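If you read the protein sequences in the order shown, they are chains A and B.
If you're matching positions, the first sequence starts at 104 in the working numbering and goes up one per residue.
If you're matching positions, the second sequence starts at 377 in the working numbering and goes up one per residue.
Every residue gets a Cβ at the ideal spot worked out from N, C-alpha and C, and that includes glycine.
Please read these numbers as outputs of a predicted model, since none were measured by experiment.
All remarks here apply to the structure that follows.
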Amino acid sequence: MKVKYFRLCVSIAIIFSLWLTGSFIVGNDLLLPGPVKTIQRLAELFISGEIFSPLLFTTLKALGGLSLALFFSLIIGFAMGLIEILYEIFKPIIITLQAIPIVSWLALAILWWGVGFRSPLYIVFLTLFPIITLNITEGVKNVDKKLLEMARVFNLPKKIVFKDIYFASAMPFIVSSLRISSGMMWKTVAVAEFMVGISGLGRMISDAKYALNTTDVFAFTVILIILGIVSEIIFDKLSRRMMVRAS
Amino acid sequence: MLLNIQEINKAFGTQTIIEKFSLSLQEGEFLSILGSSGCGKTTLLRLVSNLLKPDSGKIDRNYKRLGFVFQDTRLIPWKNALYNVSVVSSESKAKIMLSEVGLMEHHNKYPTELSGGMERRISLARALSIEPHLILLDEPFGSLDILTREDMIKLVLELWKKHNFAAINVTHDPYEAARLSTRVLVVGKHFTKTQMHELGSPLDRSETDNANIRNELLKTLKSVLD
């Protein structure tokens, strides 16, 4: 464990020294503000409380989009996994959805939902929904057929078969898709806020860009990076626990 | 009659697995079906348990509850031993059966935490917890070491004596068939050639009797395969 933390410290030190060296060489805060300045700005943002409102709005949109995606993915993913006809009908639709570039959604979002809270939320949903759905479908389809036979021989009630066999088999797939999604959701919400938002960290980056305040761009980016890393760690821990249980 | 199989046929594609096979089973009987690997023994159990339908012929089932001990145990890997048994019956019955197979102290362990022999015993406890009239055993001692297998044979006989269920045990091991059965059906390829050995209660036999029966069964097995 100690060795692991030591290596982590080394890698953080490398990032900071590269950043520091780069900012010294460039010598212009407008192009590349250094880590010290960025951390100072971060501290200011937290002390003044300026950061909390955008942080809250971004988190609400990201988690809202993720929850919405998870809700619909569970329904459609299970239906596709269990019923072959639905799988054949829905799979091309879901794959098409997955292939639509985020910029197209952004362009349409302005027209459909306007600039505001809803557009980033729906864009997060639309980005994550296909990924989670396909993963859940895969999980349900991968269910151990031998366990299903056992359930048939012993006449297990449908509720138990669903809960203990289908759902439990899909669980590692659900968690691993959430892990992938948790990384993507912060990036997606930030892009959406940048383009079609009126609040949140993405919007703050957009404002900072117009004000040529590169230090703020860096400070808000650092927060987004931390959010991404923290949520990945949480889901990674969860999925490891699932994998241990499943094996 | 508990089970009556009349002239069933089963093929997968063009490959015949079982041809014109008939068999009947009385209550409390312990029948072993002895045959070489791939002769269709497992398919027969799948037909009896209604996991497969015969292409033709008829299977009359005059029992209410059927237990199945699968070759690969088929325990739910993410559930502990107690849950795996109680899921088919009830917690109280599961606890009784786990005690009878000697695993009550391991009731909260997961299948991966148990040895192969323990997993078989859990699987046996699961099948018995429903108080079956008929129990199907699909090579239940395959891949176990000799000592564990010996313990399992003793355990199955003990439980058979106590619960008085009928059993169909499929195996490729003549010694195991000799140890356990009241009757042994030796089968050749596709069940076309078969020969029945009536043995009487396995509880009354000595080691020497079983050794002699084993030799006889081996001879029969060779002859039906010719």
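Q. Quick one, are the C-beta atoms of Ser465 of chain B and Ile498 of chain B less than 8 Å apart?
A. Within the second sequence, residue 465 of chain B is the residue found at index 89, counting from 1. Within the second sequence, residue 498 of chain B is the residue found at index 122, counting from 1. The answer is no: Cβ separation not under 8 Å.
Q. So, are the CB atoms of Leu134 of chain A and Thr317 of chain A less than 8 Å apart?
A. Position 31 of the first sequence, counted from the first residue, corresponds to residue 134 of chain A. Position 214 of the first sequence, counted from the first residue, corresponds to residue 317 of chain A. The answer is yes: Cβ separation under 8 Å.
Q) Going along chain B in order, which residues have a C-beta closer than 9 Å to the C-beta of Lys249 of chain A? A) As a working mapping, residue 249 of chain A is identified with position 146 in the first sequence. The answer, in chain order, is Phe446, Asp448 and Arg450.
Q: Give the DSSP bridge partners of Lys386 of chain B, in chain order.
A: Working through the second sequence from its first residue, we reach residue 386 of chain B at position 10. Lys386 of chain B is bridged to B:Ile394.
Q. Quick one: what's His573 of chain B bridged to in DSSP?
A. As a position in the second sequence, residue 573 of chain B is number 197, starting the count at 1. According to DSSP, His573 of chain B bridges with B:Val560.
Q) Nearest chain B C-beta to Ile268 of chain A closer than 8 Å, yes or no? A) On the first sequence, position 165 is the one that residue 268 of chain A refers to. At least one chain B Cβ lies under 8 Å of Ile268 of chain A.
Q: Could you tell me which residues DSSP pairs with Leu513 of chain B in its beta bridges?
A: Translated into the one-based positions of the second sequence, residue 513 of chain B becomes position 137. DSSP, once it has assigned bridges, lists B:Val445 and B:Asn545 as partnering Leu513 of chain B.
Q.
Less than 8 Å between CB atoms is the rule here; does Arg344 of chain A satisfy it with respect to chain B?
A. For the purposes of this step, residue 344 of chain A is identified with residue 241 of the first sequence, where counting begins at 1. So, not an interface residue.
Q. Quick one: does Val546 of chain B have its CB under 8 Å from some CB of chain A?
A. By one-based count along the second sequence, residue 546 of chain B stands at place 170. Answer no: the Cβ-Cβ gap between Val546 of chain B and chain A never drops below 8 Å.
**Q.** Limits of the unbroken beta strand (DSSP E) element including Lys417 of chain B
**A.** Taking the second sequence and counting its residues from 1, one reaches residue 417 of chain B at position 41. No beta strand (DSSP E) contains Lys417 of chain B, which is instead part of the alpha helix (DSSP H) from Lys417 to Val424.
Q: Check whether the Cβ of Ala442 of chain B lies closer than 8 Å to any Cβ atom in chain A.
A: Taking the second sequence and counting its residues from 1, one reaches residue 442 of chain B at position 66. Residue identity differs from the one stated: residue 442 of chain B is Leu in this sequence, not Ala. Cβ-Cβ to chain A under 8 Å: yes for Leu442 of chain B.
Q. In its own chain, which residues sit with a C-beta less than 6 Å from the C-beta of Gly411 of chain B, not counting the 5 before and 5 after it?
A. To locate residue 411 of chain B, count along the second sequence from 1; it is residue 35. Excluding residues within five positions, the ones whose Cβ falls inside 6 Å are Lys417 and Val563.
Q. Who are the neighbours of Leu259 of chain A on chain B, taking C-beta pairs under 9 Å?
A. By one-based count along the first sequence, residue 259 of chain A stands at place 156. Here the neighbours are Val463 and Val464.
Q: Identify the contact partners of Ala172 of chain A in chain B, using a Cβ-Cβ distance below 9 Å as the criterion.
A: Working through the first sequence from its first residue, we reach residue 172 of chain A at position 69. By Cβ distance, chain B contributes nothing, its closest Cβ being about 25 Å from Ala172 of chain A, past 9 Å.
Q: Under 8 Å Cβ to Cβ from Leu579 of chain B, same chain only, skipping five residues before and after it: list those, please.
A: Counted from its first residue, the second sequence places residue 579 of chain B at position 203. Counting only Cβ-Cβ distances below 8 Å, and skipping sequence neighbours, we find Leu533 and Lys537.
Q) Apart from the five residues just before and just after Glu335 of chain A, which ones in its own chain have a Cβ nearer than 8 Å to its Cβ? A) On the first sequence, residue 335 of chain A is found 232 positions in, with the first residue counted as 1. Counting only Cβ-Cβ distances below 8 Å, and skipping sequence neighbours, we find Arg282, Ser285 and Gly286.
Q: With a floor of 4 residues, list each alpha helix (DSSP H) that falls wholly inside the region 204-272 of chain A, ordered by position along the chain.
A: 205-215, 221-244 and 248-256
Q | CB of Ile186 of chain A within 8 Å of CB of Leu237 of chain A, strictly | A | For the purposes of this step, residue 186 of chain A is identified with residue 83 of the first sequence, where counting begins at 1. For the purposes of this step, residue 237 of chain A is identified with residue 134 of the first sequence, where counting begins at 1. For Ile186 of chain A and Leu237 of chain A, no; Cβs fall outside 8 Å.
**Q.** Sequence-distant residues of the same chain with beta carbon closer than 8 Å to Val278 of chain A, five excluded per side
**A.** If you number the first sequence from 1, residue 278 of chain A lands on position 175. Correct list, in chain order: Phe338, Leu341, Ser342 and Met345.
Q: Return no unless some Cβ of chain B is closer than 8 Å to the Cβ of Arg255 of chain A.
A: The residue labelled residue 255 of chain A in the question sits at position 152 within the first sequence. Yes, contact with chain B.
Q. Got a sec: which bits of the region 294-323 of chain A sit with their beta carbon under 9 Å from any beta carbon on chain B, in order along the chain?
A. For the region 294-323 of chain A, which is checked against every Cβ of chain B, not one residue is closer than 9 Å.
Q) How far does the alpha helix (DSSP H) with Gly433 of chain B in it reach, from first residue to last? A) Residue mapping note: residue 433 of chain B aligns to position 57 of the second sequence, counting from 1. Here Gly433 of chain B belongs to no alpha helix (DSSP H); instead the beta strand (DSSP E) covers Ser432 to Arg437.
Q) Using the C-alpha atoms, what's the distance from Phe541 of chain B back to His509 of chain B? A) Position 133 of the second sequence, counted from the first residue, corresponds to residue 509 of chain B. Position 165 of the second sequence, counted from the first residue, corresponds to residue 541 of chain B. For His509 of chain B and Phe541 of chain B, the distance between alpha carbons rounds to 5 Å.
**Q.** Under 9 Å by beta carbon: chain A residues contacting Ser425 of chain B
**A.** In the second sequence, counting from the first residue as 1, residue 425 of chain B sits at position 49. Here the neighbours are Glu252, Arg255 and Val256.
(Q) By the 9 Å beta-carbon criterion, what residues does the region 501-513 of chain B contribute toward chain A? (A) Those residues of the region 501-513 of chain B that come within reach of chain A (Cβ to Cβ, closer than 9 Å) are Arg502, Ala503, Ile506 and Leu512.
(Q) On the DSSP bridge list, what partners appear for Asn380 of chain B? (A) Position 4 of the second sequence holds residue 380 of chain B. DSSP lists B:Ser400 and B:Asp436 as partners of Asn380 of chain B.
Q. In this structure, does DSSP put Ile186 of chain A in helix, strand or coil?
A. Counting from one through the first sequence, the residue named residue 186 of chain A turns up at place 83. Looking at Ile186 of chain A - three-state DSSP - the assignment turns out to be coil, as it is neither helix nor strand.
Q) Can you find a CB in chain A that lies within less than 8 Å of the CB of Trp536 of chain B? A) Along the second sequence, read from residue 1 onward, the residue named residue 536 of chain B stands at position 160. It does not; no Cβ of chain A falls within 8 Å.
Q.
Going by DSSP, what residue range makes up the beta strand (DSSP E) through Ile409 of chain B?
A. The residue labelled residue 409 of chain B in the question sits at position 33 within the second sequence. The continuous beta strand (DSSP E) containing Ile409 of chain B extends over residues Phe406 to Leu410.
**Q.** Neighbour flag for Ala96 of chain A against chain B, beta carbons, 8 Å
**A.** Examination of residue 96 of chain A is not possible in this model, given that chain A is present from 104 through 350 alone.
Q.
So Lys417 of chain B contacts chain A; which residues on that side make the cut at Cβ distance below 7 Å?
A. Walking along the second sequence from the start, residue 417 of chain B turns up at place 41. The premise fails here: Lys417 of chain B is roughly 16 Å from chain A at the closest Cβ pair, so nothing lies under 7 Å.
(Q) Suppose only complete runs of 4+ residues qualify. What are the alpha helix (DSSP H) ranges in the region 452-495 of chain B, listed by chain order? (A) 457-462 and 467-476
Q. Under the rule that 16 or more other beta-carbon atoms within 10 Å means buried, what is Met377 of chain B, buried or exposed?
A. Reading the second sequence from its first residue, position 1 is the one you call residue 377 of chain B. That one is exposed.
**Q.** Neighbour flag for Thr263 of chain A against chain B, beta carbons, 8 Å
**A.** In the first sequence, residue 263 of chain A corresponds to position 160, counting from 1. Residue identity differs from the one stated: residue 263 of chain A is Ile in this sequence, not Thr. Closer than 8 Å: yes.
**Q.** Residues near Ile154 of chain A in its chain [Cβ-Cβ closer than 6 Å; skip 5 each side]
**A.** Taking the first sequence and counting its residues from 1, the one referred to as residue 154 of chain A is at position 51. Result list for Ile154 of chain A: Leu148, in chain order.
Q: Return the Cβ separation of Ser599 of chain B and Leu575 of chain B in integer angstroms, given the expectation that the two are a contact with Cβ distance under 8 Å.
A: Counting from one through the second sequence, the residue named residue 599 of chain B turns up at place 223. Counting from one through the second sequence, the residue named residue 575 of chain B turns up at place 199. That pair is no contact at about 18 Å.
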